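Colleague:
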Amino acid sequence: MALIKGVLSKVRSGLRRTRQALAAPLRSVLSGRTLDEALIREIEAALIQADVGVAATRRLVGSIREARSSGALTRGEDALEHLKAELKAMWPSADRALRLADTPPTVILVAGINGSGKTTTTAKLAAMLQAQGKSVLLGACDTFRAGAVKQLEVWAHRLTERAGAGAPAVHLVRGAEGGDPAAVAFDACDAAVSRGVDVVILDTAGRLHTQDPLMRQLAKIRDVAAKRIPGAPHEVLLVLDATSGQNALRQAAVFTDAIDVTGIILAKLDGTARGGSVVAIRQATDIPVKFIGVGETPEDLAPFDPDAFVEALFATDDADRAA
Amino acid sequence: MFDRIQDAIGGAYRALSGKGTISEANIRQAADDVRTALLEADANYQVVEAFCEEIVAEALGREVTRSLKPGQEFVGVVHRKLVELLSPPDGAEPGVVQVAPPPTVVMMCGLQGSGKTTTCAKLAAYLKKRGRSCLLVAADLQRPAAVDQLRTVAEQVERDAPGGARVLFYAEPDQVGAYGEAVGVAVGVCQRALKEALRERVDTVILDTAGRLHVNDELMGELERVHRAVRPHQTFLVVDAMTGQDAVHSAKAFHERLHVDGVVLTKFDSDTRGGAALSINRVTGAPIRFIGVGEKLDALEEFHAERIAGRILGMGDVVTLVEKAQEEVSEEEAAALQEKLARGEMTFDDFLKQLRAIRRMGPLKQVLGMLPGVGSALKDAQVDDKQLNRIEGIINSMTSAERRDPSLLTASRRRRIARGSASSQQEVNRLVKQFEAVSKMAKQMAGLGAIGKIKAVRQMQGQAQQLAAGGGFRPKAGTRTVSPKAGYKKRKAKRR
């Protein structure tokens, strides 16, 4: 457990650094000012610029207007607190922990569009589970993109090496490039059962949600896993790029339609993007955000923390002003 | 992809065109609709604000209020503004500008996962098709297996892509490091690659750099050093078309460090509304050079502001469609077919050939989406390319005599064809009927002048929309009104 704590605190401090650099300005803009229409417009602009989206922003700003006319809110700070409470209430105690099978192996299916960060996220998940003392098997189901299998292989190798003696190894099951990804998924589940591995993570090829045949292929991968291990996959994680805008909503909807997404991993939150699209997604669907990706090393995966997320949403930086 | 904007602007247009004269308030309302649509499309907040102020000012300044058709005037203003927003500021040519003496050095950069490596391969295929040789350089020493990925796609381009030019690959796999450990090494790799390019006398060098965050000072510094060391003639920023509000921040940061000459928008084949396209060059001043529209190596198109603006406004993208068609069908072939059509001698073989040419142009939905007026009708429709498979199957089950002369198709022959293609007899009947309709229409079209053709195309649009709505090829009886004028033209055409 000490190992996990060490890892977590490292992530936390990394997060704090970025957030401190960004945070505060909006608060200072708002504080001490009377809550008038001009100020509400500023809040609206901040939400839009965090990719929260027009519909969700209208709803949030509407509730501020309402509260103002009822006399509940009079100052800028009040509005900010009101908004934060409203947003945090969107992620109550929804299960943000990873759902594990009662009897191993647990199967986790990782999906997303091209370039959202699936393979890196898969490696991070493996590192996290490995740190918890679980043996992990990676199924390299991305048989399409050149080098994808190799990429995962490098990660498996690095993680195993890094763990050193004592820590569980990270296994890899791969198929031929251009082969059937569902077959790889089956082999991976099969190998996990026979090797007595705790968790299987299936890394799938990136696909645009507009490609019907590829979405059906994803459903096939899921079904094949279920065939080998009843109840699998126990988690279907959609990797979303925090820099993406309102299209993330479509992605969440279509992927959920195809493979019943159980959780979102919001990747690339270490840049200047706020990832506000998950607010819109939460409003439209019921999918919880489980983890966030904040860097390129295996430790850069942190549990989703609504409080910190909402704080960061209202941070403004110089780039916003200059743009 | 711009469907939503089309809807909103279309709505504003309809609202305005219903009024004889309009007030400033009307214009503001319309501009507000446009504003909402653009924001929903992820266009940058500031860009949208400025854009809307400008169109209102311009619309009012042009005294749209007194014009007879204020709605059309307003759409004209929006269109012009969009083109202005999307156009290269200096009127630069699309594509890759070659320098003499070669090699032209192109440096690709961008965030992680934007699609740099894939774009490098597509660019190489694009150049190969135009007879220009290139050297792909693996300067991404950070992401595991990035070098392998580029090597594989480089080999694919060399082997499979059309065109005669050479496609070479340069890498130093032993220089690869874990994340953050190989910083600076890319500089040397790129310099040595450049020497290799001179030795091999290639036309173009494409540098595939590692994806990096614009706020990572160390890695941005490396990029700057590569830039200083190799002095690329063009620096392309690769941006995911689905990017939200943050697009301007990263683009701006890369532009300030490297002076970006061009932008490649990737994943344009998604259903993103693509507001990033509207923001980027307005904020950075860097023009959009290419758009990536699919996973295949040839899925890279030159960016043309007029066309995209036209698509936004529901005017369709006929220019791209025509260009694609020209790539697929040679001029002689087209001329020969034209004659056949005029004589009413189109056969199922010709039909099949056309069908295949269309399919090579891309997924059906994408192709139809370029037709004016069809895009928004297609928004929610499932256009299944598999239907085309069935049609191909049915035609393939015909004998060559039947294909030449559809009148041979008796009921028993149709039964045989249905069995042979695992389809129902109704499906065969429907195809034959459609074929007859098309060949009749083609015959009429061939005899028409330019205006008549446009009219005929308009009529087809109605049918295409119904096809898109999943209703088969035939419009329902009584839902289509033919204007007396069109009827007259048709009769006139027949008399000729």
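If you read the sequences in order, they're chains A and B. Under our numbering, the first residue of the first sequence carries the number 1260, and numbering increases by one thereafter. Under our numbering, the first residue of the second sequence carries the number 37, and numbering increases by one thereafter. Glycine included, C-beta positions come from ideal geometry on N, C-alpha and C. The structure displayed is predicted, hence computed values, not measured ones.
Given a threshold of 16 other Cβ atoms within 10 Å of its Cβ, counted over all protein chains shown, does ARG447/B qualify as buried or as exposed?
Modeller: Note on identity: in this sequence residue 447/B is Ala, with Arg being the wrong assignment. Per the 10 Å Cβ criterion, exposed.
Colleague: Give me the chain B residues within the contact set of GLN1308/A, using Cβ-Cβ distance strictly less than 7 Å, ordered along the chain.
Modeller: TYR81, GLN281, listed in chain order.
Colleague: Roughly how many whole angstroms lie between the Cα atoms of GLY247/B and THR1531/A?
Modeller: Each residue's Cα considered, the two are about 15 Å apart.
Colleague: Between the beta-carbon of LEU1560/A and the beta-carbon of LEU1525/A, is there less than 7 Å?
Modeller: No, they are not a contact pair.
Colleague: What do you reckon, are the CB atoms on SER315/B and LEU147/B nearer than 7 Å?
Modeller: Cβ distance not < 7 Å, so SER315/B and LEU147/B don't count as in contact.
Colleague: Taking its Cβ as the centre, do 16 or more other Cβ atoms sit within 10 Å of ALA66/B, making it buried, or is it exposed?
Modeller: The residue is buried, with at least 16 neighbouring Cβ atoms inside 10 Å.
Colleague: Going residue by residue through the region 283-329 of chain B, where are the continuous beta strand (DSSP E) segments of at least 3 residues, counting only ones entirely within it?
Modeller: Taking only runs of at least 3 residues, the beta strand (DSSP E) segments lying wholly in the region 283-329 of chain B are 298-302, 324-328.
Colleague: Let me know the alpha helix (DSSP H) ranges lying completely inside the region 217-291 of chain B, each 4 residues or longer, listed in chain order.
Modeller: 221-236, 253-266, all fully within the region 217-291 of chain B.
Colleague: In its own chain, which residues sit with a C-beta less than 8 Å from the C-beta of GLY1434/A, not counting the 5 before and 5 after it?
Modeller: Counting only Cβ-Cβ distances below 8 Å, and skipping sequence neighbours, we find ALA1399, CYS1400, THR1402, VAL1408, PRO1440, ALA1442, VAL1443, ASP1446.
Colleague: Quick one, which residues of the region 166-189 of chain B are near chain A if we go by CB-CB under 9 Å, in chain order?
Modeller: Within the region 166-189 of chain B, the residues whose Cβ lies closer than 9 Å to some Cβ of chain A are GLN178, ARG179, PRO180, ALA181, ALA182, VAL183, ASP184, GLN185, LEU186, ARG187, THR188, VAL189, listed in chain order.
Colleague: Look up LEU1499/A in the DSSP assignment and give the residues it is bridged to.
Modeller: In the DSSP output, where bridge partners are listed per residue, LEU1499/A has LEU1525/A.
Colleague: Do you know offhand how far LEU1572/A's Cα is from ASP334/B's?
Modeller: If I take the Cα positions, the gap works out to 39 Å.
Colleague: Kindly confirm or deny that the region 1372-1383 of chain A and the region 1339-1359 of chain A touch, where touching means at least three C-beta pairs closer than 8 Å.
Modeller: No, because fewer than three Cβ pairs between the region 1372-1383 of chain A and the region 1339-1359 of chain A fall closer than 8 Å, the two stretches do not touch.
Colleague: Have a look at ALA1415/A and ARG293/B and give me their C-alpha separation to the nearest angstrom.
Modeller: Those two C-alpha atoms are separated by around 35 Å.
Colleague: Do ASP1462/A and VAL1366/A have their CB atoms nearer than 7 Å?
Modeller: No, the pair does not count as a contact, with Cβ atoms beyond the cut-off.
Colleague: Three or more C-beta pairs closer than 8 Å, one from the region 309-329 of chain B and one from the region 272-289 of chain B: is that the case here?
Modeller: Yes: at least three Cβ pairs fall under 8 Å.
Colleague: For HIS269/B and GLN1470/A, I'd like the C-alpha separation in whole angstroms.
Modeller: So the two alpha carbons sit approximately 36 Å from each other.
Colleague: For a contact meaning CB atoms closer than 9 Å, what does GLY311/B contact in chain A?
Modeller: The contacting residues are GLY1504, GLN1505.
Colleague: Is PRO1363/A helix, strand or coil when you go by DSSP?
Modeller: Three-state result, PRO1363/A: coil.
Colleague: Going by the CB atoms, is the gap between ARG168/B and THR240/B shorter than 7 Å?
Modeller: Against a cut-off of 7 Å, the Cβ pair of ARG168/B and THR240/B comes out as a contact.
Colleague: Spatial neighbours of ARG455/B within its chain, please: CB distance less than 7 Å, with the 5 preceding and 5 following residues excluded, ordered by chain position.
Modeller: Counting only Cβ-Cβ distances below 7 Å, and skipping sequence neighbours, we find nothing.
Colleague: The alpha helix (DSSP H) spanning HIS1341/A covers which residue range?
Modeller: Unbroken alpha helix (DSSP H) run through HIS1341/A: 1335-1347.
Colleague: Hey, does LYS1409/A have any beta-carbon neighbour from chain B nearer than 7 Å?
Modeller: Yes, LYS1409/A counts as interfacial toward chain B.
Colleague: Using a C-beta cutoff of 7 Å, does HIS285/B count as contacting chain A?
Modeller: Answer yes: the Cβ-Cβ gap between HIS285/B and chain A drops below 7 Å somewhere.
Colleague: The region 1467-1489 of chain A: which residues have C-beta closer than 8 Å to a C-beta of chain B, in chain order?
Modeller: Taking 8 Å as the Cβ-Cβ cut-off against chain B, the residues of the region 1467-1489 of chain A that qualify are LEU1467, HIS1468, THR1469, ASP1471.
Colleague: If you drop the 5 nearest sequence neighbours on each side, which residues of the same chain put their C-beta closer than 6 Å to that of LYS1479/A?
Modeller: The residues are ALA1441.
Colleague: Out of curiosity, what's the CA-to-CA distance linking GLU463/B and GLU428/B?
Modeller: When rounded, the distance between both Cα atoms is 12 Å.
Colleague: Could you tell me whether any Cβ in chain B is nearer than 7 Å to the Cβ of VAL1327/A?
Modeller: The amino acid occupying residue 1327/A in the given sequence is Arg; Val does not appear at that position. It does not; no Cβ of chain B falls within 7 Å.
Colleague: What is the DSSP secondary structure of PRO1565/A, counted as helix, strand or coil?
Modeller: Residue state, collapsed to three classes: helix.
Colleague: When burial is assigned at 16 or more other CB atoms within 10 Å of the CB, is LEU444/B buried or exposed?
Modeller: Result: exposed.
Colleague: Measuring only the C-alpha atoms, how far is ALA1567/A from ILE1551/A?
Modeller: Straight-line Cα distance between these residues: approximately 11 Å.
Colleague: Among LYS231/B, ARG179/B, VAL238/B, whose alpha-carbon lies nearest the alpha-carbon of VAL219/B?
Modeller: Of LYS231/B, ARG179/B, VAL238/B, the residue nearest in Cα terms is ARG179/B.
Colleague: Report all residues from its chain with a CB closer than 6 Å to the CB of VAL1432/A; omit the five preceding and five following residues, and keep chain order.
Modeller: Only GLY1398, ASP1446, ALA1447, ALA1450 meet the Cβ criterion.
Colleague: Spell out whether any CB of chain A is found under 7 Å from the CB atom of GLU76/B.
Modeller: Yes, its Cβ sits closer than 7 Å to a Cβ of chain A.
Colleague: In terms of alpha-carbon separation, which member of GLY1490/A, GLU1303/A, ARG1475/A lies closest to ILE1515/A?
Modeller: According to the sequence provided, residue 1515/A is Thr. The question's Ile does not apply to it. Comparing Cα positions, the closest option is ARG1475/A.
Colleague: Looking only at its own chain, which residues have a Cβ that is under 7 Å from the Cβ of CYS226/B, when we skip the five neighbours before and after it?
Modeller: The answer, listed in chain order, is VAL173, ALA175, LEU243, VAL262, ALA265, VAL266.
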